[in-house]
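Asker: I have a structure I would like to understand better, so I am pasting it below and will then ask my questions one at a time.
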Amino acid sequence: MESLKHVAIIMDGNGRWAQKQRKERTVGHYFGSENVREIALKALDLGIEAITLYAFSTENWKRPQKEIDYLMKLPAVFFERFLKELNEKGIQIRTIGDLSMMPEKTRKVMENAVEKTKDNKALVLNFALNYGSRDEIVRATRKIIQDGLTEITEEVFESYLDTATMPAVDLLIRTGGDKRLSNYLLWQLAYAELIFVDEEWPQFGPEQFESCIEAYHKRQRRFGGL
Ligand code: FPP
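Heads up: the sequence shown runs through residues 747 to 972, numbered per the working numbering.
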């Protein structure tokens, strides 16, 4: 059986899910954030070490201001409801992405969750916020230049990425039917297994998550070897 430490997820389809029910797109994001809790608890159950969720991309700033405002408020709503429980269950909250561009309130909410849970060991629940893979690679390169490095190996480069302290991504799941990577973890997904499902994120439940994990375990990873 292939080892599985780190699952990355593109939580797509919130807006479409809501619109199908004649609700506002933001309603989809609300139920999507509830599903984050469900999937995190399932991942914990399954003994996965880390999940990294695409919560807001560098391209999402192009959305209508009302939707952006809502998405910026969602972490506060989410952690108000679930931080205590997640903390008690030993879940460690982390973030990747350029949080310096987020509204201060949103950044503080995230920093507080990270700080409160930093010693937890059961599961890393990592939120990608204002994250874009190209942006991450450019930021890493800038830091390497600032540090005056001349000897650059893959290991050195990797240590400058936002995911430096995380295990390699083994599996990417994208919900919502589209089959693309949307500037997500391009370096980290080099050898990951990819699973695309049609269900929109709010209706992608823990059982289906478990089925994806089972499907992953049936695959044979060769990492370019035989
Ligand atoms: C993509 O669906 C989803 C997002 C841009 C936001 C995802 C965010 C969450 C589920 C909440 C995260 C929770 C916290 C606590 C930060 P879409 O709107 O692009 O869906 P569509 O393709 O149907 O339009």
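From the three backbone atoms N, C-alpha and C, an ideal C-beta is built for every residue, glycine too.
Remember, predicted model here, so these are calculated numbers, not experimental data.
Is it buried or exposed, residue 972, if we count other Cβ atoms within 10 angstroms and call 16 or more buried?
Answerer: Burial check for residue 972: the Cβ neighbour count within 10 Å stays below 16, so the residue is exposed.
Asker: Determine the closest residue to residue 942 out of 952, 922 and 775, with distance taken between C-alpha atoms.
Answerer: Nearest C-alpha to residue 942 among 952, 922 and 775: 922.
Asker: Closest to residue 765 by C-alpha separation, out of 755, 756, 961 and 777, would be which residue?
Answerer: 777
Asker: Flag residue 706 as yes when its Cβ comes closer than 7 Å to any non-hydrogen atom of ligand 1, and as no otherwise.
Answerer: In the structure as shown, the chain begins at 747 and stops at 972. Residue 706 is therefore absent and cannot be evaluated.
Asker: From the DSSP output, in three-state form, read off residue 945 for me.
Answerer: coil
Asker: Nearer than 7 Å: is that true of the beta carbon of residue 771 relative to any heavy atom of ligand 1?
Answerer: Within the cutoff, so yes.
Asker: How is the beta strand (DSSP E) around residue 800 delimited, first residue to last?
Answerer: 796-803
Asker: Tell me the DSSP secondary structure of residue 914 in three-state form.
Answerer: coil
Asker: At what residues does the beta strand (DSSP E) containing residue 840 begin and finish?
Answerer: 837-842
Asker: Can you give me the C-alpha to C-alpha distance between residue 784 and residue 896, rounded to a whole angstrom?
Answerer: Cα to Cα, the separation comes out at about 45 Å.
Asker: Does the separation of the CB atoms of residue 751 and residue 916 fall below 8 Å?
Answerer: Yes, the Cβ-Cβ distance between residue 751 and residue 916 is below 8 Å.
Asker: When the Cβ atoms of the stretch 849-865 are set against those of the stretch 881-897, are three or more pairs found closer than 8 Å?
Answerer: no
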